[in-house]
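What follows is a short report on a single structure.
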Amino acid sequence: MKKKTLFVTGGGSGLGAELVRAAHRRGHHVLCTGRRAIADLPSDFPDLPYLSCDLASAGGAQVTADWVQSHLSGRRVDCALLNAAAGYFRPLSAETPEAISEVLTLNLDANIVLAHRLSGNLEGGTLALIGSVAHKGAAGMPVYSASKAALDGFGRALAQEWRGRVAVRVLHPGPIATGMSARAGRKVDLADRLFLSPRLMARIILDAALAPRGRDRQIIGYLRALRGQILPLGRQAA
Ligand SMILES: NC(=O)c1ccc[n+]([C@@H]2O[C@H](COP(=O)([O-])OP(=O)(O)OC[C@H]3O[C@@H](n4cnc5c(N)ncnc54)[C@H](OP(=O)(O)O)[C@@H]3O)[C@@H](O)[C@H]2O)c1
């Protein structure tokens with residue numbers, strides 16, 4: 031496969047870090063942003079351009095887009111994987127205006143700003159928006175679900191608007207064992223044993239994002255993951 035230039039948000043940990051590692055192993059050129067400082071990246075993190083920036087802060091997405099464009103110097107980004115997100119597992123009555131704003135800014139607004147700012151650099155490439163099966167409305171996470179439902183709508187609209195110029199794919203993973211759910215405040219239970227491996231999920235998402243053709247919206251749950259584990263003969267997992 032031809033080496034490509036990829037941009038990943040939330041790439042310093044969780045699914046994003048696995049996306050970065052998988053893309054780097056395949057020899058792609060990866061630009062990566064995350065909230066944590068460079069010093070806090072995992073010790074085995076690949077040596078590649080990394081920007082520490084809070085995407086929920088005012089102007090964070092603009093700063094990030096400027097940084098990406100400064101690295102591209104007019105070249106194309108073949109695939110932008112907008113993956114950074116957060117959410118809280120609690121009823122709406124327990125939310126605060128600050129937390130609601132943070133989740134909507136990070137999960138939705140920042141992605142719209144990045145798509146808007148990078149549209150010229152994405153010509154001929156792919157914008158992959160990492161959604162969630164929660165976009166259908168997950169009990170206990172009303173604000174997070176709303177942000178992912180809105181991201182789904184944004185992606186559907188943009189896929190039509192940009193068809194023939196930029197492929198837009200909204201990829202909705204099922205539960206992943208990154209610890210996000212527990213950090214969001216959900217009590218760990220037996221269901222957590224069924225959460226999918228971040229490494230496997232990253233491989234499937236990367237394949238879905240880089241495939242020359244694919245549906246605009248894709249659910250990546252257990253069945254898809256199972257199919258992903260049964261590799262075609264002779265193909266190596268990356
Ligand atoms: N885990 C699941 O069960 C699950 C299921 C469906 C969909 N998803 C989606 O998959 C994607 C990755 O989730 P994950 O499981 O990897 O979650 P995660 O482990 O919590 O990672 C979230 C990533 O987003 C970054 N991030 C958080 N707040 C940020 C901010 N204010 N500014 C910039 N970056 C920020 C984090 O950076 P730092 O670590 O540097 O703070 C981290 O790299 C998300 O879009 C999530 O909604 C996850």
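For the record, in the sequence shown the residue sitting at position 99 is 129 according to our numbering, with numbers rising by one throughout. We put the beta carbon where it would ideally sit given N, CA and C, even for glycine.
| Grouping DSSP H, G and I as helix and E and B as strand, with all else coil, what is Y252? | helix
| Among I142, R55, E132, which residue has its Cα nearest to the Cα of G183? | When only C-alpha atoms are compared, the closest one is I142.
| Cβ-heavy atom distance, A114 to ligand 1, below 8 Å | yes
| task | Over the uninterrupted beta strand (DSSP E) stretch that includes I160, give me the two end residues. | result | In this chain, the beta strand (DSSP E) harbouring I160 covers 156-160.
| Taking just the CA atoms, how far does A69 sit from P205? | For P205 and A69, the distance between alpha carbons rounds to 29 Å.
| task | Compare the C-alpha of R193 against each of R216, L240, R229, R245 and name the closest. | result | R245
| Sequence-distant residues of its chain with Cβ nearer than 8 Å to R199 (five each side left out) | T156, L157, A158, L159, G185, A189, A238, A239, G244, R245, D246, R247, Q248
| request: Please classify H146: does DSSP put it in a helix, a strand, or coil? | output: Looking at H146 - three-state DSSP - the assignment turns out to be helix.
| Does the separation of the CB atoms of G270 and R105 fall below 9 Å? | With the chain covering 31 to 268 only, the question about residue 270 has no answer from this structure.
| request: Report buried or exposed for G150, applying the criterion of at least 16 other Cβ atoms within 10 angstroms of its Cβ. | output: exposed
| Which whole-angstrom value describes the C-beta separation of T35 and T63, a residue pair presumed to lie in contact below a C-beta threshold of 8 Å? | Going by Cβ atoms, the distance from T35 to T63 rounds to 14 Å, so no, they are not a contact pair.
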